[in-house]
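Below is one structure, written out as structure tokens; comments come after it.
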Ligand SMILES: Nc1ncnc2c1ncn2[C@@H]1O[C@H](COP(=O)(O)OP(=O)(O)O)[C@@H](O)[C@H]1O
Ligand SMILES: Nc1ncnc2c1ncn2[C@@H]1O[C@H](COP(=O)(O)OP(=O)(O)O)[C@@H](O)[C@H]1O
Ligand code: SF4
Ligand SMILES: [Mg+2]
Ligand SMILES: [Mg+2]
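Residue numbers (this note's numbering), protein chains in the order written: chain R, 1 to 337; chain B, 338 to 681.
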């Protein structure tokens, strides 16, 4: 079966005076309808840039320099075909039609998605009218319906409020309503609960899960929070330095992670089995400078499991299948087996 | 030497910020940011304050630092053995100068809290010079000692804050807080802006410093897992009030307040295979400008009865050392970490 979205060997580089930042450096994955792929990694690892690439809105001086982003197109009757989003002119009519209609995105800060001078209702209706042929009256009804679905009380009244009049949690719900009103096949959610309190975060995660059940969209869920990723994802991609380190189903990743980076990350969060007040496992050192070019494993030098094996440093990066649905980029573990 | 005298004792502390309107800046209401908070901590103790944003955690910290004058209440601080305790709620500027060295603060944002135009050496020397603790060779020795205490190097002393990562800047803030040998460090979300691996380094540093120097931490965070790892005693706040207070172990094993139960169930679990029970609360955290009548949690509470909207439940000792402010604290059988499947 052709996945809804297939990303192949994506490379996105930022061309700065100081050098080339390889923000995303050979990332591959695919999204399936009704499933959530989580992307987890520390800040600066390239998570947001992956999301922006799919919407063709990577800011200058960034550019997609390589790779394909294949969106499935279901023609009437015939076999589904694929269109490469990388080949489309980002500001052309085709790309604009896809944004919002097939692929929608939500962010950590909803105020960046909403204009402060228009009511949330008029903005949701605008999104709808951009992509579908509906009357004003029909658009308003659908906007109200969508606000109700995302759990905004009294949507008939709230549709006319301005974004700043809503609480953080309600604003996040309104942004989700705007993203989903055209029934996109793919929702990219970039740290959508990071600024929220835990009780509101739990509400939003619950909401996204039930909306996914209802609408069947694929979700690409980006977060630095391992717990949130564990809760919402079916499959997880661990990224570091613009590269996928490990890719596995969620329960495999959180109970039998193989990559030393994934394992180190998981150990650094205190949990019920961490003895209270014991020292936590840390990852020594810092991320390599983003403009350096590293042929081998970018975790080399901070990794405590490889004992300085030169293959880790020298063997070119490659994501290798180690089991069904489990992929790994660790030369030491992959080449030996 | 008796340890019976607490280091810090906060009694019914309140801070209401007036809300002004119109050209005459008429007072039209108040933000009840802190609305009756009490707790105490011993020398060398670690107390964690947990609660959602806007519940008044930072305002409590600022009153303890004497940066805000409380609307009412007492803040008894014991500077050192043998000296009489002082009420920071009433203290004047001159008296505060002699107390200041004993209480230091570490903030969430290591970028905003360090002067970008000062080198690390100047940042660390400043409190020592201002308080006339030492000078010359002695000053340089102390500065070097501090920078090494927090895991940085002597070479770092000549650099400016912008040359450091977030975690390193937080180390500098901690070194500055330690300069005057404080008895209490108030740490307000000290790791919230950091990546998890860096957070672990800072947590370890704080634990190590406490083991070596025996100081006390008032540790403010919205991260229950972190607070559990760190604290002996925990205070849970909800819109300006303490709703539960206990030692960490019983609090997580047997919460007595419905809000605590919901918080525990909402902590995202890194063990997806464990079956967990989620309590999804309705609505948003209450607004301190217009807090609900009766129990402030009642509009969101699963167990609310009519009395909850009418009568404010007092904070009472339900079990030895375990306090809760809920009308039904002794009859509800709330779920703890085990029953919820929560992994913190
Ligand atoms: N507009 C930009 N200009 C220059 N570099 C950028 C820009 N956006 C992102 N980058 C770089 O790309 C890398 C990945 O960034 P990002 O995807 O935002 O990380 P994450 O979302 O994982 O925190 C970082 O090294 C960052 O510095
Ligand atoms: N200086 C101030 N003036 C007016 N209101 C304030 C001030 N400081 C805080 N508040 C309000 O008091 C409440 C508690 O704030 P704060 O103590 O910062 O909460 P927390 O640290 O728990 O997030 C909030 O509603 C906040 O808006
Ligand atoms: S007093 Fe009532 S509303 Fe408040 S927590 Fe207890 S049961 Fe819930
Ligand atoms: Mg990001
Ligand atoms: Mg605060």
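Note that CB positions come from ideal geometry on N, CA and C, so glycine has one too.
Chain R within 7 Å of residue i, Cβ atoms only
i: residue 338 (chain B); result: Only weak support exists for where residue 338 (chain B) lies, its pLDDT of 43 falling under 50; the value from the coordinates is given anyway. It does not; no Cβ of chain R falls within 7 Å.
i: residue 537 (chain B); result: yes
i: residue 558 (chain B); result: no
i: residue 680 (chain B); result: yes
i: residue 423 (chain B); result: no
i: residue 478 (chain B); result: no
i: residue 389 (chain B); result: yes
i: residue 675 (chain B); result: no
Interface flag, residue i vs chain B, CB-CB below 7 Å
i: residue 56 (chain R); result: no
i: residue 169 (chain R); result: yes
i: residue 227 (chain R); result: yes
i: residue 34 (chain R); result: no
i: residue 257 (chain R); result: no
i: residue 203 (chain R); result: yes
i: residue 379 (chain R); result: No statement about residue 379 (chain R) is possible, as the shown extent of chain R runs from 1 to 337 and does not include it.
i: residue 145 (chain R); result: no
i: residue 29 (chain R); result: no
i: residue 254 (chain R); result: yes
i: residue 69 (chain R); result: no
i: residue 43 (chain R); result: yes
i: residue 272 (chain R); result: yes
i: residue 66 (chain R); result: no
i: residue 74 (chain R); result: no
Residue i vs residue j beta-carbon contact at 7 Å
i: residue 659 (chain B); j: residue 587 (chain B); result: yes
i: residue 512 (chain B); j: residue 522 (chain B); result: no
i: residue 345 (chain B); j: residue 374 (chain B); result: no
i: residue 11 (chain R); j: residue 66 (chain R); result: yes
i: residue 41 (chain R); j: residue 47 (chain R); result: yes
i: residue 370 (chain B); j: residue 355 (chain B); result: no
i: residue 236 (chain R); j: residue 38 (chain R); result: yes
i: residue 218 (chain R); j: residue 32 (chain R); result: yes
i: residue 553 (chain B); j: residue 378 (chain B); result: yes
i: residue 634 (chain B); j: residue 596 (chain B); result: yes
i: residue 184 (chain R); j: residue 84 (chain R); result: no
i: residue 425 (chain B); j: residue 403 (chain B); result: yes
i: residue 573 (chain B); j: residue 202 (chain R); result: no
i: residue 51 (chain R); j: residue 204 (chain R); result: no
i: residue 119 (chain R); j: residue 160 (chain R); result: yes
i: residue 650 (chain B); j: residue 632 (chain B); result: yes
i: residue 239 (chain R); j: residue 45 (chain R); result: yes
- request: Taking only runs that begin and end inside the region 286-315 of chain R, name each unbroken beta strand (DSSP E) of 3 or more residues, in chain order.
  value: none
message: Which runs of the alpha helix (DSSP H) at least 4 residues long sit entirely within the region 101-161 of chain R? Give them in chain order.
response: 120-131, 136-149 and 155-158
- prompt: When you check each C-beta in the region 597-624 of chain B against every C-beta of chain R, which residues fall closer than 9 Å?
  reply: 599, 600, 602, 603, 604, 605, 606, 607, 608, 609, 610, 613, 615, 616, 617, 618, 619, 620, 621, 622 and 624
- prompt: At a Cβ cut of 7 Å, what residues of the region 537-555 of chain B count as close to chain R, listed as they run along the chain?
  reply: 537, 538, 540, 541 and 544
query: What runs of the alpha helix (DSSP H), each 4 residues or longer, lie entirely inside the region 367-428 of chain B?
result: 394-401
- prompt: If you measure beta-carbon to beta-carbon, which residues of the region 219-251 of chain R are closer than 7 Å to chain B?
  reply: 224, 225, 226, 227, 228, 230, 231, 250 and 251
field: Stretch pair the region 102-114 of chain R + the region 171-180 of chain R: three plus CB contacts closer than 8 Å
entry: yes
At least 3 beta-carbon pairs within less than 8 Å: the region 609-627 of chain B vs the region 385-400 of chain B: yes
query: What residues in the region 303-326 of chain R have a beta carbon less than 9 Å from any beta carbon of chain B?
result: none
- request: Evaluate the contact criterion for the region 179-190 of chain R versus the region 569-584 of chain B: three or more CB pairs, one atom per stretch, below 8 Å.
  value: no
message: Short of 8 Å Cβ to Cβ, which residues in the region 173-199 of chain R face chain B?
response: 197, 198 and 199
- prompt: For the region 275-291 of chain R, which residues have a CB atom closer than 7 Å to at least one CB atom of chain B, in sequence order?
  reply: 276, 277, 279, 280, 281, 282, 283 and 286
- prompt: What are the residues of the region 559-577 of chain B that lie near chain R, defined by any Cβ-Cβ distance shorter than 8 Å?
  reply: 559, 561, 562, 563, 565, 566 and 567
query: Given 8 Å as the limit, is there contact between the region 526-545 of chain B and the region 437-451 of chain B, that is, 3 or more CB pairs closer than that?
result: yes
- prompt: Mind listing which residues of the region 363-379 of chain B have their C-beta closer than 9 Å to chain R's C-betas, in chain order?
  reply: none
task: Please determine if the region 541-558 of chain B and the region 603-616 of chain B are in contact, where contact requires at least 3 C-beta pairs separated by less than 8 Å.
output: no
- request: Please list the residues of the region 520-533 of chain B that have a C-beta atom closer than 7 Å to any C-beta atom in chain R, keeping them in chain order.
  value: 532 and 533
message: Going residue by residue through the region 260-285 of chain R, where are the continuous alpha helix (DSSP H) segments of at least 4 residues, counting only ones entirely within it?
response: 260-267
field: beta strand (DSSP E) runs contained entirely in the region 452-534 of chain B, provided each spans 3 or more residues
entry: 521-525
- request: Report the residues of the region 4-30 of chain R with a CB closer than 8 Å to any CB of chain B, ordered along the chain.
  value: none
field: Stretch-stretch touch, CB-based, cutoff 8 Å, three pairs: the region 478-490 of chain B with the region 453-463 of chain B
entry: yes
query: Taking a cut of 9 Å between CB atoms, which residues from the region 581-594 of chain B lie near chain R?
result: 585, 586 and 589
task: Select from the region 491-523 of chain B all residues with a C-beta closer than 7 Å to any C-beta belonging to chain R, and list them in chain order.
output: 502
Cβ contact (3+ pairs, closer than 8 Å) linking the region 299-309 of chain R and the region 251-261 of chain R: yes
- request: Report yes or no: do three or more beta-carbon pairs, one from the region 13-30 of chain R and one from the region 58-72 of chain R, lie closer than 8 Å?
  value: yes
- request: Tell me, please, whether the region 408-425 of chain B touches the region 359-366 of chain B by the rule of three or more beta-carbon pairs shorter than 8 Å.
  value: no
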